[in-house]
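Letter by letter, the sequence shown follows residues 473 to 668 in the numbering used here.
Since the structure comes first, as structure tokens, the remarks are kept for the end.
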Amino acid sequence: MTRYIYKRLDNHSLKTLVLIIFLVTVLVACSSGGSSGSANRNTLGANNLNTTNDTNNDSDEWVEGVFLPAGSFRNMCANPESGNEEQGTFVDENNFLRSHSNNTYLWYDEIVDRDPALHSTADYFELLLTDELTPSGSFKDNFHFSLPTDEWQLQSQSGISSGYGVQLAVLSREAPREVVVAYTEPGTPATAPGVD
């Protein structure tokens, strides 16, 4: 049996195997059954007797380890800027960040649960990121950042994009797969000497 599996790995894309392992991991991790995803985290604090997932947003009281659904705070902004945003407070913004991070952040179990009313939204966002390091000494989380809305819109809608200067085209998604370089931008890493 081992020889058969080993031989099959030689004949199939490692990418497919990694994708299957990833999907199985996600399915197992996401099969907690609850809608808020916080039930498992709440049980970690065994002395906390109030760990119900209250779904009404009537209370501004912060209870450590109790997370309302992020949707309870969606589009509630201290300074509404668009038609779909409602008047809220910075605490509503922080509660959204807190609940959303608890439900979706890869390292949610490394976040110290702090009272959202005690911090500005910018400071609170930074508190919701892990400060753990990798074995090499760099931060685990090199992916999350925040920008003011106007700066983000300027960057994302200006027509300027970042990258390595190559556009790939997938000609065939079926085996044997075929991906080719559609074009490269002059003066980018893709056109550097020695890049094939």
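Where is the CB? At the ideal position from N, CA and C, for every residue including glycine.
Residue range 621-629 is occupied by the alpha helix (DSSP H) that includes Glu623. Under the Cβ criterion (8 Å, minimum of three pairs), the region 592-611 counts as touching the region 572-584. Closest in alpha carbon position to Gly635, among Ser608, Arg649, Asn551, Gly659, is Gly659. Per DSSP, reduced to three states, the secondary structure at Glu650 is strand. As DSSP reads the structure, Ala641 sits in a beta bridge with Val652. The three-state reading of DSSP puts Phe611 in strand, counting E and B together. DSSP, read as helix, strand or coil, puts Leu605 in strand.
By the Cβ rule, the region 628-647 does not count as touching the region 610-620, because fewer than three pairs are nearer than 8 Å. In this model, His616 and Ser644 are separated by some 33 Å (Cα to Cα). When the alpha-carbon of Gly537 is set against those of Gly555, Pro607, Val563, Asp587, the nearest one is in Asp587.
The secondary-structure analysis by DSSP pairs Glu558 across a beta bridge with Met548. With a contact defined as Cβ atoms closer than 8 Å, Phe545 and Asp564 qualify at about 5 Å.
Between the C-alpha atoms of Glu646 and Val653 there is a straight-line separation of about 18 Å. A distance below 7 Å between beta-carbons, with the five flanking residues on each side excluded, links Ala550 to the following residues of its chain, in chain order: Gly560, Thr561, Phe562, Glu565.
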